[in-house]
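First up is the structure itself, then whatever we jot down about it.
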Amino acid sequence: MDLTISILGHALTAIAALLAIHGKTWDETQIGLKRVTRIGGVAAGVAVVGLALSIFQTIDKYQEKAAYKEYAISKIEKGWSNLFVPFEALHYQVTGLKPKKGEHLEFAELVLKENLLASFDKVDFKEVHRFPKFGTVGNMVCAQTLSGMGTVSRYIEEYSDHLDLEIKASVEELQLMPAFSTLIRFGGCPGIKGRSVNDPDRYQGKFDTPEMRAYIRKLIAFQKLIG
1 MDLTISILGH ALTAIAALLA IHGKTWDETQ IGLKRVTRIG GVAAGVAVVG
51 LALSIFQTID KYQEKAAYKE YAISKIEKGW SNLFVPFEAL HYQVTGLKPK
101 KGEHLEFAEL VLKENLLASF DKVDFKEVHR FPKFGTVGNM VCAQTLSGMG
151 TVSRYIEEYS DHLDLEIKAS VEELQLMPAF STLIRFGGCP GIKGRSVNDP
201 DRYQGKFDTP EMRAYIRKLI AFQKLIG
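Counting in this note's numbering, the sequence shown runs from 1 upward without gaps.
Set out below in structure tokens:
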């Protein structure tokens, strides 16, 4: 349909141009609108229709891109929410309090404000998590981080043509942050570069750090960027 409209629009523009070149479109002996000859009227009509088709196609393409972008961002947001799971699950492991569903941004800000990261450093990362489906705490940390970033990266790549460069650059910056590397490093999870080290005790002391706080702030900023 888009191809047909495009071809038709170009064809009508060409026809209008040919009529204008080879036909008598203007009668100098007449006054006002009467100066426009029959051929001139046809040429003008054809040109208007061609312009209308071009405008329609432009609007259609804009709406299509907007729809793709909206869909991609909805999927990226799901991956983004997974990137908070390690912190929410660690808080649950420490306190027994389940995080409120969907309040990832509020929780992230609470983590920074109350310095909850210090309590995460004291967790036994070899223990099975309170939510057994997660496996050990250490495995949960790397698995949920990889899952979240995997989802984000997949839809960034799949819908790259429909997303702002700022969004793509922000994801690349997240992946290069030291804290991201730390989160996926010690839980024994399979990753892009092979399986990570299975030494969960090494997670201790890695949370209450400037690097981890910078990572969480970046996650908050990313949500505001795509939201």
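Backbone N, C-alpha and C fix where the C-beta goes; we use that ideal spot for every residue, glycine too.
- Counted as a single uninterrupted DSSP element, the alpha helix (DSSP H) harbouring residue 144 occupies residues 137 to 158.
- Within the same chain, Cβ atoms closer than 7 Å to the Cβ of residue 162 are found at 65, 68, 69 and 72, the five residues on either side in sequence being excluded.
- A Cβ-Cβ contact shorter than 9 Å links residue 155 with residue 76.
- Beyond the five residues adjoining it in sequence on each side, residue 147 comes within less than 7 Å, by CB distance, of 82 in the same chain, given in chain order.
- The beta carbon of residue 158 lies closer than 8 Å to those of 72 in the same chain, with the five residues before and after it left out.
- Close CB contacts of residue 85 within its chain, under the 6 Å cut and outside five residues either way in sequence, are with 144 (chain order).
- Under the three-state reduction of DSSP, residue 188 is assigned to coil, being neither helix nor strand.
- Secondary structure at residue 198: strand, using DSSP grouped into helix, strand and coil.
- The straight-line gap separating the alpha-carbon atoms of residue 215 and residue 174 is approximately 7 Å.
- Judged by DSSP secondary structure, residue 213 falls within the alpha helix (DSSP H) whose first and last residues are 210 to 226.
- The alpha carbon of residue 89 has as its nearest neighbour, out of 78, 109 and 136, the alpha carbon of 136.
- Rounded to whole angstroms, the Cβ separation of residue 207 and residue 117 is 4 Å, and the two are in contact under 8 Å.
- Counting along the chain, residue 111 sits inside the alpha helix (DSSP H) bounded by residues 104 to 114.
- For the options 168, 197 and 113, the alpha carbon positioned closest to that of residue 182 is the one of 197.
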